[in-house]
Structures are given as structure tokens and as C-alpha cells.
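>
2 protein chains.
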Amino acid sequence: MAIPPAVNRPVGTIERAIEIMEYLKENDTATVSEMTDHLDCAKSTTHRYMKTLAANSLLVEDGNEYQLGIRFLDYGEVARNKYRLYDEAKPRVDELAEETEEKIWCAVEEHGRSVHIYGAQGKHSVQTYARVGHRNYLHQHAAGKAILAHLPDSQITETIDRHGLPGRTPETITDRDELWEEIETIRDRGYAFNFQESVEGLHAVGAPITDENDIAIGAISVSGPASRLEGPFLRDELPTLLLGVVNEIGINMAHP
Amino acid sequence: MAIPPAVNRPVGTIERAIEIMEYLKENDTATVSEMTDHLDCAKSTTHRYMKTLAANSLLVEDGNEYQLGIRFLDYGEVARNKYRLYDEAKPRVDELAEETEEKIWCAVEEHGRSVHIYGAQGKHSVQTYARVGHRNYLHQHAAGKAILAHLPDSQITETIDRHGLPGRTPETITDRDELWEEIETIRDRGYAFNFQESVEGLHAVGAPITDENDIAIGAISVSGPASRLEGPFLRDELPTLLLGVVNEIGINMAHP
DNA sequence: GTGTTTTGTTCGAGTAGCTTGAATCAGTGC
DNA sequence: GCACTGATTCAAGCTACTCGAACAAAACAC
């Protein structure tokens, strides 16, 4: 979970292959020609890359179109299961969704960004861009800020240096000093709010799951339309509920 | 979903990188030295590979140990969502799990093998080796055989030629002629049984989801202990239930 | 404590093999 | 029919990937 070290001489071939996967993730499907325009190399090279990936089931051919193969699910599931947190958090996230009737997410930090490892929707929950596996900036949402505030200062600095503070809505915190103030506030109260900082009209609360040293190993958030998530429900009721859950998960993680 | 063509000159670098991912999938975690023993190249090369993969979040470093990064989830989810089948099948698989109280799987064919794209467990359902994303031989289980029987003969032959008929339990069909007979039977009755052919003590029924030309686009299966899945419940009740569900899904897939 | 072994990591040189562009083939539109 | 766009193949050239040796750092034996 640490910041990845700069690689001295990365293998270009691998990086270009990942570039292909990334492009297909964003654009769903692509032809050899289209990919050649995106990468910066000869068409024959792109062709060979994509054929190699397809021969290994990482890509699937459909006529001239290529897409990501579901073999990735295999790798993804293995990775997810490694996070014991997933096993501990899943049932409680499900319960929270039932209880609050809103969208619940469990996220962890990886390489200075957040990854949603599990989500459950309540009866009224909103659909957002988010998906399982979705990678996000820590400073842009409730769970991420909850995690960020419960990391060592040095790691927070590293993270900001590495990824910057890109904005997403007019409300997103993009100023370093402002973020540090917010972090202090979150540390004091023990949980984080998100007032339309990631999606317009969306509010959220996030609380960190911490280890015995009070370092975040993940976070859980509740999000919903600003119209429903407001007043004492947002300010008191949800935080209390969340804190109970994250404490319980934290204890279970510490005492297997 | 077709059989992937043999690649003329696959890119070795990419294949070796995939080899690393595959090893980590099987062994959860590995060091540079361990991986060097597995691959057949210099330690410095392995090192460069793993660092490059880690720098792109496909691998995560934890001290000297490397594991798969959950970035794969991201790719996997994108791939899964492409299969519209997933959206159609999910709610019905959930219902079946509730109703039968056994384990339900939805699988598709990719490159001549089956991939579990969604699973739901009923109250009493058994835990097997299977996972979402799990790749399997078509001839070894109920859903796979249901799919196999509803493919064009040419594709069946190609599949057998490509992957052979490896055994798994003493009951697995490993003889070509026997398999063709079984395929005829399955085509006649419209669904497939699995009597301890993949796991000892486990029975299952699988029915294909077909398109307008009666070609399989996937399958749904119910599996459970042989002691519970037997007699008229297995022979009549479950098949009827399954056929209703797969027909409904097939119709929805044909008329979006 | 010291010597020994095992690990990850760096670096320059050499050549395996990746990249390239041109040529060929397959399909579409006009 | 021809032109055009796309995928695919191939030999030749040179990039950059691989290697082994050397170093650093940690783990271990005694």
C-alpha cells in the first residue's frame, strides 16, 4: 500500500501493453487502427501486441473490434480476496445499505489513490459513475478524505506531491492549506463529510477503518442526494451509525 | 467469443509479464527470487518486470513480497459489464438462489472455456473452488456442457481439439465419443446434468441461454451435495425451474 | 561479535527480438 | 470495375531488452 517507487528503467513493452488495456477500459472497444492512432508506433506493432494479448485471453476479438477479456475478473477477484478487509466489511456494508437505504462504499488506499473494493445499494440509492474497482483521488470524496486524514503526515505530503489536487466540482478542495485544515477537522471529529465535492448534488459521510495505531486501512461511506442527506440525519445519525460499524470492523481486523 | 487465432509472432515480453500475473494468481504472493526460479531468465530481468508492473499498479509491493493489485478489478468489471447477459441474469440468479437455497452460477464461453460471470449462494449452498472469473473446461460441469451442446458442431470439434478432455474426477467424461453421445442427449432434453464430474459428492443441473438460432450465449446452473440434489427434485423440479429462467433471459436478450 | 548466505538492486555491454514500413490481402462503397 | 479503408505478413535494421557481475542490505549461523 506504500507509494510505488520510481522505476529506474521500466520495460517499455509492458507499459505500452498496459496503455492498450487502459485505452480499452476508457473506450470499451477499439480496432487496431484506432489503437495505433492512440499509441505512437507502427500499426504492425499494435497488431502484434493486440494479437498477443488476445491469445492470452486478456483481450477478446469480435471481428475487428477488441475488448477487455473477463479474464481480468479472475485476477481482480484474487486481489480483492487478499484484502481481508473485504470479507469483514462486506456483510456490514450490506447491512448499512439495508438500514440507511442509501449507497454504501468500502474503499482502500493503494498507491496514494482510493479503490472501491465493495459497494451495496439501498432501496433508494443513487447511481453514480462509481463502480467496484474504481480508482479515485483521495481528496475528492468522503471515504478518501477519511483515509487521508488517518495516514501519517509524511504519506499525506507524498500523496499530494504525487497526484496533486485536481478539481472535480466547484466544491472540490484544490488548495493544499485548505486540505490540511480539513484533515485537522476530520482527525478531531473522526469522520469526513463530502458536500458536492465529487458529484454535484451528492452528499456523503465517510469514516476510516483504522488499525491499532490509528492508521487507516480503509473507509466506509454513505452517499445520497443532498436533499435527503442533510440536517441531523447527516450530521449526527449517520456518523454515529458509521462509527459503530468501522470500529467493529477495525476490532475484528485486529483480532482475527 | 471465437477461438483465438494462433499468433504468428507473439511478443515475448508481454507473455512473460502475463506469466508473472498468472503465477501470482496461483500463489498469491512471490518475491523476485521466487519468480526468477519460476520464469527462466536473469534475476535482474524479473526485477525490472515486477517493478514496471508495480509502478503501474498491476502489482503491489509489500516489503519484498509482490501481489496482484486490485487495479485488475477495474478492468474485470468493465469486461463483465460488456456482457449484457450479466445485467439480465443477475437478478434471476439471485432469485434462484433464494428459491432453491443452493448455489447458482451464470457462465459464458470464452476461447473454448467457460467463465463464471456471476454467482449467488442460497441458504444451504456449498462452497467449492469456484469463484467469479473462474475459468473452467466446458466438458467438466453442467453449465459448460449445456453451452457446449448448444454450439455448432464445428466449434465443438475446435474446442475439443484445442483443449482436449482433461479429467477431474473419476466421473469426468474424457472420451470423445462418449462426450458426443452426451451432447446428443443434452440437445434432446434441453439441459445437462453433472454427476460428480467436477467435484466428488456434487451434483448439478445446467441449462443454456440461447439466442434466436438456438446457439448458446451462456448457461445457468444449480449445484449442491448429491444427498440433496437427487430424485425427482433433481430430475424434474430443478430442470423445469431452470428452463423457465433461461427462456426468459433468452427472450430479454433477443428483444432489448 | 564476525563471517556467511540470501535477498534486492544497479549498470554497461551485447545481441535477441522488438519495431518498422512496405507489400499483400480482405472487405466496402461508389 | 476501381478506389479506399481496414487487417495481416515479412525481412531488415537497430532499439531496447536481457544478461551477468558487482554492490548493498538484510537475515542468519555460530
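Chains as they are written, first to last, in full-length UniProt numbering: chain A, 1 to 256; chain B, 1 to 256.
No residue lacks a Cβ here, since even glycine has one placed at the ideal position from N, Cα and C.
Computed from a predicted structure; not experimentally measured.
#1: Does any CB atom of chain B fall closer than 7 Å to the CB of A/D74?
#2: Given that A/I14 touches chain B, what residues does it touch there, using C-beta distances under 8 Å?
#3: Less than 7 Å between the beta carbons of A/L53 and A/R71, yes or no?
#4: For chain B, is any of its Cβ atoms less than 7 Å away from the one on A/L238?
#5: Could you tell me whether the Cβ of B/A79 comes closer than 7 Å to any Cβ of chain A?
#6: Between the C-alpha atoms of A/S154 and A/G206, what's the straight-line distance to the nearest angstrom?
#7: Specify, as a first and last residue, the run of the alpha helix (DSSP H) that A/Y49 falls within.
#8: Taking 7 Å as the CB-CB cut-off, is A/G206 touching chain B?
#9: Any idea which residues DSSP pairs B/L58 with across the strands?
#10: What residues from chain A crowd round B/L68, counting only those whose CB sits closer than 7 Å?
#11: Tell me the DSSP bridge mates of B/W105?
#12: So who's on the other strand from B/A97, going by DSSP bridges?
#13: Taking the alpha carbon of B/M21 as the point to measure from, which residue in A/Y66, A/G164, A/S198, A/N56 has its own alpha carbon closest?
#14: Taking 7 Å as the threshold (C-beta atoms), are B/R135 and B/R162 in contact?
#15: At what residues does the beta strand (DSSP E) containing A/Q155 begin and finish?
#16: Which residue's Cα is closest to the Cα of A/S125: A/D94, A/I117, A/I147?
#17: At a CB-CB cut-off below 7 Å, which residues of chain B make contact with A/H111?
#18: Excluding sequence positions up to five away, which residues of its chain have a Cβ less than 6 Å from the Cβ of A/K123?
#19: From the DSSP output, in three-state form, read off A/M1 for me.
#20: Give, in chain order, every residue of the stretch 116-138 of chain A whose Cβ lies closer than 9 Å to some Cβ of chain B.
#21: Whole angstroms is fine: what's the gap from B/I117's alpha carbon to B/V246's?
#22: Excluding the five sequence neighbours on either side, which residues of its own chain have a C-beta within less than 7 Å of the C-beta of B/M35, listed in chain order?
#23: Decide yes or no for the touch test of the stretch 134-148 of chain B against the stretch 193-210 of chain B: beta carbon pairs closer than 8 Å, at least 3 of them.
#24: Could you check the C-alpha separation between A/H111 and B/A226 for me, to the nearest Å?
#25: Does A/F233 pass the burial test, meaning 16 or more other C-beta atoms within 10 Å, or should it be called exposed?
#26: Across the stretch 162-180 of chain B and the stretch 214-230 of chain B, are there enough close Cβ pairs to call them in contact, namely three or more that are closer than 8 Å?
#27: I'd like to confirm the pairing. Which residues does DSSP put opposite B/A204 in its beta bridges?
#28: Beta-carbon within less than 7 Å of B/A17's beta-carbon, same chain only, minus the 5 sequence neighbours each way: which residues are those?
#29: What does a CB cutoff of less than 6 Å around A/E200 pick up in its chain, not counting 5 residues either side in sequence?
#30: Under 7 Å, do A/I173 and A/E182 count as touching if we go by C-beta distance?
#31: To the nearest angstrom, how far is the alpha carbon of A/R235 from that of A/L243?
#32: Mind reading off the beta-carbon distance from B/V132 to A/E77? Whole number of angstroms is fine, and I expect it under 8 Å.
#33: Determine whether the beta carbon atoms of B/I249 and B/E98 lie at a separation below 7 Å.
#34: Going along the chain, which residues of its own chain have a beta-carbon closer than 6 Å to the beta-carbon of A/L241, five neighbours each way excluded?
#35: Spell out whether any CB of chain B is found under 7 Å from the CB atom of A/K82.
#36: For the stretch 143-157 of chain A, which residues have a beta carbon sitting closer than 7 Å to at least one beta carbon of chain B?
Reading off the structure:
#1: Against chain B, the CB of A/D74 has a partner CB under 7 Å away; the residue lies at that interface.
#2: By Cβ distance, chain B contributes T13, I14, A17, Y49, T52, L53, N56.
#3: When the beta-carbon positions are compared, A/L53 and A/R71 stay at least 7 Å from each other.
#4: So no, A/L238 is outside the interface.
#5: Closer than 7 Å: yes.
#6: Each residue's alpha carbon lies about 22 Å from the other.
#7: Unbroken alpha helix (DSSP H) run through A/Y49: 43-55.
#8: Taking Cβ atoms only, chain B never reaches closer than 7 Å to A/G206, which makes this a no.
#9: DSSP lists no beta-bridge partner residue for B/L58.
#10: Ordered by position in chain A, the residues that pass the 7 Å Cβ test against B/L68 are Y75, V78, A79.
#11: Within the DSSP secondary-structure output, B/W105 pairs in a beta bridge with B/G119, B/S221.
#12: For B/A97, which the question treats as bridged, DSSP gives no partner whatsoever.
#13: Closest by alpha carbon: A/N56.
#14: Cβ distance not < 7 Å, so B/R162 and B/R135 don't count as in contact.
#15: Per DSSP, A/Q155 belongs to no beta strand (DSSP E); it is in the alpha helix (DSSP H), 153-163.
#16: Nearest in C-alpha terms to A/S125, of all of A/D94, A/I117, A/I147, is A/D94.
#17: Residues of chain B with a Cβ closer than 7 Å to the Cβ of A/H111 are, in chain order, S57.
#18: Contacts found: E101.
#19: Reliability fails at A/M1, whose pLDDT of 38 lies under 50, so the model's placement of it is uncertain and no value is given.
#20: So the list reads H116, I117, R131, V132, G133, H134, R135, given in the order they occur along the chain.
#21: The straight-line gap from Cα to Cα measures roughly 15 Å.
#22: The residues are I20, Y23, T46, M50.
#23: In short, these stretches touch, since the Cβ pair count reaches three.
#24: Taking the straight line from one Cα to the other gives about 46 Å.
#25: Flag for A/F233 reads exposed.
#26: Taking one beta carbon from each stretch, the stretch 162-180 of chain B and the stretch 214-230 of chain B have fewer than 3 pairs nearer than 8 Å; the two do not touch.
#27: Bridge partners of B/A204: B/N194, B/S223.
#28: So the list reads Y49, L53, once near-sequence residues are dropped.
#29: Setting aside the 5 residues that flank it on each side, A/E200 is surrounded in the same chain by T169, each with a C-beta closer than 6 Å to its C-beta; the list follows chain order.
#30: It is a contact, given that the beta carbons lie within the stated cut-off.
#31: Roughly 13 Å separates the two Cα atoms.
#32: Right, the Cβ-Cβ distance comes to about 6 Å (below 8 Å), so this counts as a contact.
#33: Result no, Cβ atoms of B/I249 and B/E98 do not sit closer than 7 Å.
#34: Sequence-distant partners of A/L241 (beyond 5 residues in either direction) whose C-beta falls short of 6 Å from its own C-beta are missing from its chain.
#35: At least one CB atom of chain B sits nearer than 7 Å to the CB of A/K82.
#36: Taking 7 Å as the Cβ-Cβ cut-off, the stretch 143-157 of chain A has no residue approaching chain B.
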